[in-house]
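Written below as structure tokens is the structure these notes are about.
Numbering (my numbering), first residue to last: 4 to 167.
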């Protein structure tokens, strides 16, 4: 069931899709062995019953700041779908281009992934790992860090994970 999201599920009433997405995206997911890189071993739809979603642990004020519903509500999903090639080119230039590395010699890029993130993030991690291999070590200062037992909201649930 690759790339399922409540935002595109026509069985979810359109007016509720953002709210359902917020709960789903901040959930924790139980996957199979990630080292096997088996897309079928990923949990795409049903969150884990063993963790409370990040959204449910936030204060009312934090949720109000983070969420928008109704006419001013939106998702970055259309950008991710329609501008994927531009995002990929920008990311590769920022991380792997030797000229960019020369301009920012002290830059130490890091990408954090939560082990309990939705399947979309795990597949994204595998893509970044593949890019890392493809770079053959040239200008590959990118550090990929998988944070155990954390969801997609690494910076909210474990802000210290940014410590290299």
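Each residue gets a CB set at the ideal place from its N, CA and C atoms; glycine is no exception.
Cut-off 7 Å between Cβ atoms - residues of its own chain near residue i, not counting five sequence neighbours on either side
i	result
residue 152	118 and 119
residue 95	134
residue 84	none
Beta carbon of residue i nearer than 9 Å to that of residue j
i	j	result
residue 54	residue 30	yes
residue 145	residue 126	no
residue 46	residue 122	yes
residue 154	residue 38	no
residue 115	residue 148	yes
8 Å contact criterion, which residue i and residue j should meet: CB distance rounded
i	j	result
residue 157	residue 150	5 Å
residue 27	residue 16	Not quite, the Cβ-Cβ distance comes to about 15 Å (not below 8 Å), so this is no contact.
residue 36	residue 44	6 Å
Residue i, DSSP secondary structure in three states
i	result
residue 142	Because residue 142 carries a pLDDT of 48, less than 50, the predicted location of this residue cannot be relied on, and the following value inherits that uncertainty. Of the three classes helix, strand and coil, the one that applies to residue 142 here is coil, per DSSP.
residue 149	strand
residue 25	helix
residue 114	strand
residue 90	helix
residue 119	coil
residue 103	helix
residue 34	coil
residue 43	helix
Close-in-space but distant-in-sequence residues of the same chain around residue i (CB under 6 Å, 5 per side omitted)
i	result
residue 142	Here residue 142 scores only 48 on pLDDT, less than 50, and its place in the model should not be relied on; the value that follows carries that caveat. Within the same chain, residue 142 has close Cβ partners 99, 101 and 104.
residue 7	47 and 48
residue 70	25
Contacts around residue i, its chain only, beta-carbon distance under 8 Å, and the 5 residues preceding and following it disregarded
i	result
residue 97	103 and 112
Assigned exposure category for residue i - 16 Cβ within 10 Å defines buried
i	result
residue 86	exposed
residue 124	buried
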